[in-house]
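Working notes for the structure below.
Residue numbers (our numbering): 135 to 587.
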């Protein structure tokens, strides 16, 4: 449009110039003689008159020529002025700075530019991670004998419910039988020594027994007590409770070598790697009881996602095998070591499993509800533009039509809003509509604003 206007102006100038030259012809004929008279002073009167007319015409022609040059200079000046105006428009953008845009009212008119203060807030986002279900290791009891023993009988089968303290299996251990026998012997000696010591104290008080006899009785009592305590500690190391030790009876029909394995937790019998007649040692745990009220969910997160994860965040699990079921829990642990092969980090959550539908080894997708960044500001997603490969927002300048692109650090994005974690202050006016147009003008060096509007 500007080029068309310029063409019309040049055509008008040309027509005006032609008209002025045509009107200057008669005047040139009248004044041409003056010029001749000056150059030929010795000629006759007629020659003078003719010379006068010729001089007069020459002057008019020269004047017309000068007038024509004036029009050309005027037109040239107009073009120079117009070109200078365009140059100044470009130069204004350059002088404003590489990150600044300054628009006139005419340039702003076709644009929709709206600013709003950046308000404090945070955006929650959902992070999807591949996940695997596993048993809650804190609720798994791995059971085995504390002493070398042979399995006599299993009282529970795989999958059977088990209560805490319930006997799962009966074992037979020669070493345990010997330890029980030693305990019974030490206990008997202790009872005898204690009785004799009490009797000697009474006799000594009546001055019937000597002090030496009392001292000897006290020494035997203390020695017997130490032997008994040592025998009790051996049985406790073999896994017997204090109640079970006190219940040991030499007259019982059950052999002293018999040993009962009990469950320390409520759950189900998940594993049994021993058969009747098989001998296992103290390093073996062939029986597993699992509490499945809760399970672990192990998720794999990439390095760039680590900053968005935190203990306590809500996790929702969806499984292809159970598409209509939803499961929920919370992150309780984040590993501090990346896997060398996959470069991923293990994130663990505890998931409720009240209906016992989840099974260890199931694969699914975990959705983690990440928390917003404290102290962040919220702006529309469209307010953030990339400039020099970094996120920027436009802020208002000191003058009307002046805007500056400021680099910012962004965070979560949710519901059309994005966090700005640094780069601007709360309440600072930010371009929330029209930022794309400003960035187009900025990256084009101002050509879009100067030539298109």
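Glycine is no exception: its CB is placed at the ideal position from the N, C-alpha and C atoms. Being a predicted model, the structure only gives us computed values, none of them experimental.
**OP:** Using alpha carbons as the reference points, say which of 447, 311, 417, 449 lies closest to residue 393.
**Re:** Translated into the one-based positions of the chain shown, residue 393 becomes position 259. Nearest C-alpha to residue 393: 311.
Original post:
Do residue 465 and residue 429 come within 8 Å of each other at the CB atom, strictly closer than that value?
Top reply: Against the chain shown, residue 429 aligns to sequence position 295. Against the chain shown, residue 465 aligns to sequence position 331. Their beta carbons are not under 8 Å apart, which means residue 429 does not touch residue 465 by this criterion.
Subject >> 3-residue-minimum beta strand (DSSP E) runs that sit fully inside the region 279 to 311, ordered along the chain >> reply: 283 to 288, 301 to 306
Original post:
How long is the line joining the alpha carbons of residue 463 and residue 484, rounded to whole angstroms?
Top reply: The residue labelled residue 463 in the question sits at position 329 within the chain shown. The residue labelled residue 484 in the question sits at position 350 within the chain shown. One C-alpha to the other measures close to 5 Å.
Original post:
For residue 386, which option in 395, 453, 318 has the closest C-alpha, if you only look at C-alpha atoms?
Top reply: Within the chain shown, numbered from 1, the residue matching residue 386 stands at position 252. Of the listed residues, the one whose Cα sits closest to residue 386 is 318.
Original post:
Exposed or buried, which one is residue 397 when buried takes at least 16 other CB atoms within 10 Å?
Top reply: The count along the chain shown starts at 1 and reaches residue 397 at position 263. Buried: at least 16 other Cβ atoms inside 10 Å.
Original post:
From what residue to what residue does the alpha helix (DSSP H) around residue 419 run?
Top reply: As a working note, residue 419 is residue 285 in the chain shown. From DSSP, residue 419 is part of no alpha helix (DSSP H); its letter is neither H nor E.
Original post:
Which residues mark the beginning and the end of the alpha helix (DSSP H) in which residue 277 is found?
Top reply: For the purposes of this step, residue 277 is taken as residue 143 along the chain shown, with counting starting at 1. From DSSP, residue 277 is part of no alpha helix (DSSP H) but of the beta strand (DSSP E) over 274 to 277.
Subject >> Extent of the continuous beta strand (DSSP E) run through residue 451 >> reply: In the chain shown, residue 451 corresponds to position 317, counting from 1. Note, residue 451: beta strand (DSSP E), 448 to 453.
**OP:** Go ahead and pull the three-state DSSP assignment for residue 567.
**Re:** Position 433 of the chain shown holds residue 567. Strand.
**OP:** Out of 530, 404, 566, point me to the one whose CA is closest to residue 273's CA.
**Re:** The count along the chain shown starts at 1 and reaches residue 273 at position 139. Checked all of 530, 404, 566; the closest Cα to residue 273 is 404.
Original post:
How big is the Cα-Cα spacing for residue 402 and residue 291?
Top reply: In the chain shown, the residue the question calls residue 402 occupies position 268. In the chain shown, the residue the question calls residue 291 occupies position 157. Roughly 9 Å between the two C-alpha positions.
**OP:** Please state whether DSSP places residue 246 in a helix, a strand or coil.
**Re:** Taking the chain shown and counting its residues from 1, one reaches residue 246 at position 112. Here residue 246 sits in coil by DSSP.
**OP:** If I'm right that residue 575 touches residue 511 with Cβ under 8 Å, what's the distance once you round it to whole angstroms?
**Re:** Within the chain shown, residue 575 is the residue found at index 441, counting from 1. Within the chain shown, residue 511 is the residue found at index 377, counting from 1. Incorrect: roughly 25 Å between the Cβ atoms, too far for contact.
Subject >> The beta strand (DSSP E) enclosing residue 102, as first and last residue numbers >> reply: Past the boundaries of the shown model lies residue 102; the chain is included only from 135 to 587, so the question cannot be answered.
Original post:
Could you give the uninterrupted runs of the alpha helix (DSSP H) lying entirely in the region 325 to 395, keeping only those of 4 residues or more?
Top reply: 345 to 371, 376 to 380
Original post:
What residues are listed by DSSP as bridge partners for residue 434?
Top reply: Sequence index remark: in the chain shown, residue 434 carries index 300 (1-based). Answer is 480, bridged to residue 434.
Original post:
Grouping DSSP H, G and I as helix and E and B as strand, with all else coil, what is residue 240?
Top reply: Translated into the one-based positions of the chain shown, residue 240 becomes position 106. Reduced to three states, the DSSP call for residue 240 is helix.
Subject >> Beta-carbon contacts of residue 238 that lie in its chain and below 7 Å, excluding the five residues immediately before and after >> reply: Position 104 of the chain shown, counted from the first residue, corresponds to residue 238. Same-chain partners within the cutoff: 535.
**OP:** Report yes or no: do the region 541 to 555 and the region 250 to 270 share at least 3 C-beta pairs separated by less than 8 Å?
**Re:** yes
Original post:
If you drop the 5 nearest sequence neighbours on each side, which residues of the same chain put their C-beta closer than 6 Å to that of residue 422?
Top reply: Along the chain shown, read from residue 1 onward, the residue named residue 422 stands at position 288. Taken in chain order, the residues that qualify are 276, 404, 405.
**OP:** Would you list the one or two residues that DSSP bridges to residue 551?
**Re:** Position 417 of the chain shown holds residue 551. Looking at the DSSP assignment, residue 551 forms a beta bridge with 514, 548.
**OP:** With a threshold of 7 Å, establish whether the CB of residue 436 neighbours any heavy atom of the ligand FAD.
**Re:** Summarising the ligand content, the structure contains no ligands, and the ligand FAD is consequently not present.
Original post:
By the 10 Å Cβ neighbour count, where 16 or more other Cβ atoms means buried, how is residue 342 classified, buried or exposed?
Top reply: Residue numbering aside, residue 342 sits at position 208 when the chain shown is read from its first letter. Flag for residue 342 reads exposed.
**OP:** Assign residue 424 to one of two classes, buried (16 or more other C-beta atoms within 10 Å of its C-beta) or exposed (fewer than that).
**Re:** Here residue 424 refers to the residue found at position 290 of the chain shown. Result: buried.
Subject >> Three-state secondary structure assigned by DSSP to residue 576 >> reply: Here residue 576 refers to the residue found at position 442 when the chain shown is read from its first residue. Secondary structure of residue 576 (DSSP, three-state): helix.
Subject >> Other residues of its chain near residue 235: CB distance less than 6 Å, five sequence neighbours each side excluded >> reply: Within the chain shown, residue 235 is the residue found at index 101, counting from 1. Answer for residue 235: 537, 572, 575, 576, listed in chain order.
**OP:** Assuming residue 287 and residue 304 form a contact by the criterion Cβ under 8 Å, report the distance between their Cβ atoms to the nearest whole angstrom.
**Re:** One-based indexing of the chain shown puts residue 287 at position 153. One-based indexing of the chain shown puts residue 304 at position 170. Correct: roughly 5 Å between the Cβ atoms.
**OP:** Would you be able to state if there are at least three C-beta pairs under 8 Å between the region 511 to 531 and the region 472 to 489?
**Re:** no
Original post:
At what residues does the beta strand (DSSP E) containing residue 466 begin and finish?
Top reply: For the purposes of this step, residue 466 is taken as the residue at position 332 of the chain shown. 456 to 472 is the extent of the beta strand (DSSP E) around residue 466.
Original post:
Since residue 265 is in the beta strand (DSSP E), which residue starts that stretch and which ends it?
Top reply: As a first step, residue 265 is located in the chain shown; it is residue number 131 there, counting from the start. Note, residue 265: beta strand (DSSP E), 259 to 269.
**OP:** Say whether the region 439 to 457 touches the region 405 to 417, bearing in mind that this needs 3 or more beta-carbon pairs closer than 8 Å, one atom from each stretch.
**Re:** no
Subject >> For residue 485, the three-state DSSP class (helix, strand or coil) >> reply: As a first step, residue 485 is located in the chain shown; it is residue number 351 there, counting from the start. Here residue 485 sits in strand by DSSP.
**OP:** Grab the span of the beta strand (DSSP E) containing residue 405 for me, first residue to last.
**Re:** On the chain shown, residue 405 is found 271 positions in, with the first residue counted as 1. It spans 401 to 406 - the beta strand (DSSP E) in which residue 405 sits, taken as one unbroken run.
Original post:
In or out: residue 321 buried (at least 16 other Cβ within 10 Å) or exposed?
Top reply: Numbered from its first residue, the chain shown carries residue 321 at position 187. Buried, because 16 or more other Cβ atoms sit within 10 Å of the Cβ of residue 321.
Original post:
Does DSSP classify residue 439 as helix, strand or coil?
Top reply: Here the question's residue 439 lines up with position 305 in the chain shown. Here residue 439 sits in helix by DSSP.
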